[in-house]
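Protein chains in written order, with our numbering: chain A, 1 to 227; chain B, 228 to 454. Cβ coordinates follow ideal geometry from the N, Cα and C atoms, glycine included. Following: one structure in structure tokens, then a few remarks.
Number of protein chains: 2
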Amino acid sequence: MNAEPRIIEVRKNILKQNDIIARALRERFREVGVSVISLVSSPGAGKTAFLERTLASLRERCRVAALVGDLATENDAARLARSQAPVKQITTGTLCHLEAAMVQGALDAWDIGPLDFLFIENVGNLVCPSSYDLGEELRLILLSVTEGEDKPLKYPTIFNSADVAVITKIDLAAAVDFDDELAESNIHAVRPGMKVIRVSAKTGEGMDEYLEFLEQRRAAMRAPASA
Amino acid sequence: MNAEPRIIEVRKNILKQNDIIARALRERFREVGVSVISLVSSPGAGKTAFLERTLASLRERCRVAALVGDLATENDAARLARSQAPVKQITTGTLCHLEAAMVQGALDAWDIGPLDFLFIENVGNLVCPSSYDLGEELRLILLSVTEGEDKPLKYPTIFNSADVAVITKIDLAAAVDFDDELAESNIHAVRPGMKVIRVSAKTGEGMDEYLEFLEQRRAAMRAPASA
Chain A
1 MNAEPRIIEV RKNILKQNDI IARALRERFR EVGVSVISLV SSPGAGKTAF
51 LERTLASLRE RCRVAALVGD LATENDAARL ARSQAPVKQI TTGTLCHLEA
101 AMVQGALDAW DIGPLDFLFI ENVGNLVCPS SYDLGEELRL ILLSVTEGED
151 KPLKYPTIFN SADVAVITKI DLAAAVDFDD ELAESNIHAV RPGMKVIRVS
201 AKTGEGMDEY LEFLEQRRAA MRAPASA
Chain B
228 MNAEPRIIEV RKNILKQNDI IARALRERFR EVGVSVISLV SSPGAGKTAF
278 LERTLASLRE RCRVAALVGD LATENDAARL ARSQAPVKQI TTGTLCHLEA
328 AMVQGALDAW DIGPLDFLFI ENVGNLVCPS SYDLGEELRL ILLSVTEGED
378 KPLKYPTIFN SADVAVITKI DLAAAVDFDD ELAESNIHAV RPGMKVIRVS
428 AKTGEGMDEY LEFLEQRRAA MRAPASA
């Protein structure tokens, strides 16, 4: 009967420990001047295809790399490596999310100083990753048109933990009768004013606008503060 | 440094406690003669649409009901109620999976004796539900064609915890270049011989075969053992 308070206590300790590491990571990222962007979504929302296209486009004009989390297999790292950007896989075993310590471990012997952007692809999961800060500057939540418009209402916590919503697979919108207005109003019901970007990694639609957003944001974050 | 063994111990206790309740549930289901079938999948794989169609079809010839788990909202219960079958929502808050105790709680004041089938729709998640037995007779893992063929390799544990794989949204297979053979061989790489059913809840394709499978299985499970 007293098991529950003990579990909550242990969970709190894990999260507290994670926050400490995430804070140190964030400081390190800021010091070396790398923009760290993480991606969360349900499995199959198209994180890897979207990231592959992002890396391939950005590496023509800046220095990019990626960390990618999965329970098993290094398939995603292999897919992303096709972009020619440096990629490291984090295999989480049975763990359903990335933690800051895993990011720290993966970066251990990696000189991230020369990078402009580092992307972190989380495990496909709309629940657990929301509790774990990874020290990222920006968290993108991906939502594919095939998943239905109500995901923000059903998984509000993860939408709240993210900074930007990316609606993916928009080339399939008509085939699945996707109601874009409803999706956006559900996103804003959970997180008012959240920026919403629409892309198709397949056709490339929306990718330019998204990349421009990333670069503008990077420039703004790195502009010297005005007196 | 000694936090990890403690966490593992707590987790083991939770799972052990869950297994005890699940075993009691399974016994109760068997005694009253109800076939309990659970559905797991990633968010947006189409569990609710598939279940709505299942309930609407089955209730013409037998007594069906459903429990549906979600973090927030009662949207799914409302959708399923359109089938006219009795439906109860379990709202899990921040918990990313159903546990046997939640099923037990939801059934507390519910006379399930007259039922033929009880369906349990889990929270959309390909990781955590794999560890929690709900006392079900059959667990279906749904995989939509839009998620990609490699999901079984990336989430092997949940495929291993399930009895039947259901490939959903097959009406979209051509639009997303779904490689059915590859998907099946990935399923069988993780769980050799696993039954694979293909359906579209939208067009109804494959639903008859699936319903027939359920009814045959129910009949077989309830046939008096031969001497």
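Closer than 7 angstroms to chain B by CB, residue i
i      : result
N75/A  : yes
E147/A : yes
V199/A : no
K16/A  : no
V127/A : yes
D177/A : no
A65/A  : no
A162/A : no
D19/A  : no
D133/A : no
D237/A : Residue 237/A cannot be examined here, being either before or after the span of chain A that is shown, 1 to 227.
C62/A  : no
N2/A   : With a pLDDT of 44 at N2/A, under the threshold of 50, the modelled position of that residue is not reliable, and no figure is offered here.
E215/A : no
Distance CB(residue i)-CB(residue j) smaller than 7 angstroms
i      : j      : result
V127/A : P152/A : no
A251/B : D360/B : no
A165/A : M194/A : yes
A175/A : A402/B : yes
G375/B : P270/B : no
N534/B : A327/B : There is no way to answer for residue 534/B, as the model of chain B reaches only from 228 to 454.
I368/B : V237/B : no
T373/B : T146/A : yes
Near the ligand PLP: residue i beta-carbon under 6 angstroms from a heavy atom
i     : result
A78/A : Only the bare structure without any ligand can be found here, which leaves the ligand PLP out of the picture.
Close Cβ partners of residue i (< 6 angstroms) along its chain, the five nearest in sequence each way excluded
i      : result
T48/A  : D76 and R79
Q89/A  : V68, E74 and A77
L342/B : V261, R290 and A292
N240/B : none
D390/B : L365 and R366
Between the CA atoms of residue j and residue i - distance to the nearest angstrom
i      : j      : result
S265/B : L172/A : 29 angstroms
A333/B : L294/B : 8 angstroms
E408/B : D150/A : 31 angstroms
G273/B : P86/A  : 35 angstroms
R449/B : E287/B : 20 angstroms
E27/A  : L71/A  : 28 angstroms
A227/A : S371/B : Since pLDDT at A227/A reaches only 41, below the 50 mark, its modelled position is unreliable, and no value is offered.
L438/B : S427/B : 13 angstroms
P356/B : L325/B : 7 angstroms
E363/B : N349/B : 12 angstroms
V261/B : L138/A : 49 angstroms
L205/A : I197/A : Note that residue 205/A is Glu in the sequence shown, not Leu. Going by the C-alpha atoms only, they are around 11 angstroms apart.
A219/A : V32/A  : 15 angstroms
W337/B : M329/B : 13 angstroms
D335/B : I120/A : 44 angstroms
R257/B : R444/B : 14 angstroms
F440/B : L282/B : 15 angstroms
H188/A : R82/A  : 36 angstroms
I177/A : P192/A : Going by the sequence as given, residue 177/A is Asp instead of Ile. Taking the straight line joining both Cα atoms gives about 24 angstroms.
Nearest to residue i (by Cα), restricted to the options the options
i      : options                           : result
I385/B : T94/A, Y132/A and T73/A           : T94/A
S284/B : A299/B, K381/B, P356/B and E442/B : E442/B
K429/B : E411/B, H415/B, K396/B and R444/B : K396/B
R290/B : L278/B, D390/B, T318/B and L345/B : L345/B
R53/A  : Q84/A, Y155/A, A100/A and N18/A   : Q84/A
Q104/A : K16/A, L55/A, I20/A and R217/A    : I20/A
K16/A  : S131/A, D163/A and L55/A          : S131/A
E436/B : I394/B, I414/B and Y382/B         : I394/B
G113/A : P192/A, F213/A and V36/A          : V36/A
Y155/A : R82/A, N186/A and D179/A          : N186/A
Within-7 angstroms CB hit, residue i to chain A
i      : result
V423/B : no
K381/B : yes
L271/B : Before going further, note that residue 271/B is Gly rather than Leu in the sequence given. By this cut-off, G271/B is an interface position.
D435/B : no
D297/B : yes
V237/B : yes
R366/B : no
R445/B : no
Residues of its chain near residue i, where Cβ-Cβ distance is below 7 angstroms and the 5 sequence neighbours each way are ignored
i      : result
L278/B : L266, A293, L307, F346 and E348
C323/B : V350, N352 and C355
D179/A : E149
Same chain, Cβ closer than 8 angstroms to residue i, five either side skipped, listed in chain order
i      : result
A230/B : Only weak support is given to the placement of A230/B: the predicted model assigns it a pLDDT of 47, under 50, and the value that follows is read from those uncertain coordinates. There are no such residues.
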